[in-house]
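With full-length UniProt numbering, letter number 215 in the sequence shown gets 215, and the count goes up by one each step, no holes.
Where a beta carbon is used, it is the ideal one built from N, C-alpha and C, also for glycine.
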Amino acid sequence: MEQFYDIIKQLIRIPSVVGAEHPFFLFIKRELEEIGVSVEYYDGVLVAKGDKPGSGYLSSHVDRHGLICTGHNEFQYAAYIAKNRADLTGTSNSEQILHNFTMRFVDEKVQAYEPWSGTYLGMGIIKEAFLCTRRNNIIFKVDGFEYLFPGTPIAFMDKLVFQDDLISAQLDNVISVAIIIYMYHKGYKGTAFFTASEEAGKSWRFLLEYFRRFAISTNELLVLDTSPYSSLEDIQNLDVILRHRDQNAAFKSPLKNTIKKIAIDNNIKYHFKDAYLKNIMKQTGIKGSLGTTELGRIIQATKGEIQGTTLQIPTIGYHTVNETCYTKSVESMITILSKLYLEDAK
């Protein structure tokens, strides 16, 4: 696993704020082209192709949460500025999360960067964060960024932290990107999609546009991500997370049962997130969402012409620089992907 951790340590240092992912895309492109993988760059999606592009379809989003300068000494949460909003109704799970966010940001170090080249523009410290109900976004006060122009992205300063059998960083979703790159190193020959603006609810549109561009259909799209839980106790007996469906669509891919069988055969602990959420709703009597995923939106938009399933790593501290998972979860996901796609692992 040393090679995997070398990859993720590098990736975490490259900023990739929602809507300003270009430098991160170029870094992925270089990493994959160095090992002979063909890479195509389209609006909002980077497409990697091994020697047998039809042998697998993996997907991961590349964007991470951060800030955007929106005026003189004014900074907002990037995912929910007006131009990034997927909808303005305030009904999505993500937007509701805003109300619980503000205190966690105080005293965090952040770095500004040029959105096209990725050039480092300076470091600042968040001094205050508060929810503005008129704009339905978090407004930040940041020391050290008086000189920045509107549109400048600001990423959290981040590094991978090891503690016993846990790793922490802003894992969503750099960890899935690292796993896909690692899979290419190990011999994965299929296709991988790296999408932009998932945290703003837009990545599925970029991916769908690619499928339509080339009239591609598949029932085996596998979307990798992290999945949030409240405490370490909730995830200590979970290695990976599967789904039957999300709020928008049912997942009807043969991959789902294949992955379940691999998990059982390899003593990998799992559960289905939608069933888990339904059980909580039943116990509490409070109706909630089953969650929205990139995949569910694509299935719904194509009326099932594109189908697939999700494979997720359970984490706590979701959407922070201290998002944490067990190393066993990472190893379990790699085991499943190896059994699915690597000839020598079958």
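query = According to the Cβ coordinates, are valine 62 and alanine 196 closer than 9 Å?
reply = Yes, the Cβ-Cβ distance between valine 62 and alanine 196 is below 9 Å.
request  = Can you give me the Cβ contacts of methionine 1 inside the same chain, cut-off strictly under 7 Å, excluding the 5 residues immediately before and after it?
outcome  = Same-chain partners within the cutoff: Glu331.
ask   = Taking C-alpha atoms, which residue in Gly296, Glu209 and Phe214 lies nearest to lysine 252?
value = The option with the nearest alpha carbon to lysine 252 is Gly296.
message = Measuring CB atoms only, is the region 197-205 touching the region 128-142, in the sense that at least three cross pairs come out at less than 8 Å?
response = Fewer than three pairs of CB atoms, one per stretch, sit closer than 8 Å, so the region 197-205 makes no contact with the region 128-142.
key: Span separating the alpha-carbon of residue 387 from that of glycine 151   = Because the chain spans 1 through 346 in this model, residue 387 falls outside it and cannot be assessed.
query = In angstroms, rounded to a whole number, what distance separates the CA positions of arginine 104 and valine 223?
reply = 29 Å
task = Leaving out five residues on either side along the sequence, give the residues of the same chain with a beta carbon under 6 Å from the beta carbon of lysine 269.
result = Asn237, Leu238 and Asp239
task = Give me the Cα-Cα distance between valine 18 and tyrosine 341, rounded to the nearest whole angstrom.
result = 30 Å
query = Skipping 5 residues on each side, what residues in its chain have a beta carbon closer than 8 Å to that of valine 106?
reply = Cβ neighbours of valine 106 beyond the five flanking positions: Ile126, Lys127, Glu128 and Ala129.
ask   = Where do the N-terminal and C-terminal ends of the alpha helix (DSSP H) with isoleucine 306 fall, by residue?
value = No alpha helix (DSSP H) holds isoleucine 306; DSSP gives it neither H nor E.
task = Give the straight-line distance between the Cα atoms of isoleucine 7 and isoleucine 180, rounded to the nearest whole angstrom.
result = 10 Å
inquiry  = As a quick exercise: from Thr191, Ser16, Phe214 and Lys52, pick the residue whose alpha carbon is nearest that of alanine 79.
reply    = Ser16
request  = Measure the Cβ-Cβ separation of leucine 242 and glycine 308 and say whether it is below 9 Å.
outcome  = no
request  = Taking 9 Å as the cut-off, decide whether the C-beta atoms of isoleucine 313 and histidine 185 are in contact.
outcome  = no
query = Given that a residue counts as buried once 16 or more other Cβ atoms are within 10 Å of its Cβ, and exposed if not, what is glycine 285?
reply = exposed
query = Short check: CB of lysine 273 to CB of glycine 291, under 9 Å?
reply = yes
query = On the three-state DSSP scale, how would you describe threonine 320?
reply = coil
query = Taking the beta strand (DSSP E) that alanine 78 falls in, what are its first and last residues?
reply = That residue, alanine 78, is in no beta strand (DSSP E); it is neither H nor E in DSSP.
request  = State whether the region 35-55 contacts the region 201-215, with contact taken as three or more CB pairs (one from each stretch) at a distance under 8 Å.
outcome  = yes
key: Exposure label - serine 329; buried when at least 16 CB within 10 Å   = buried
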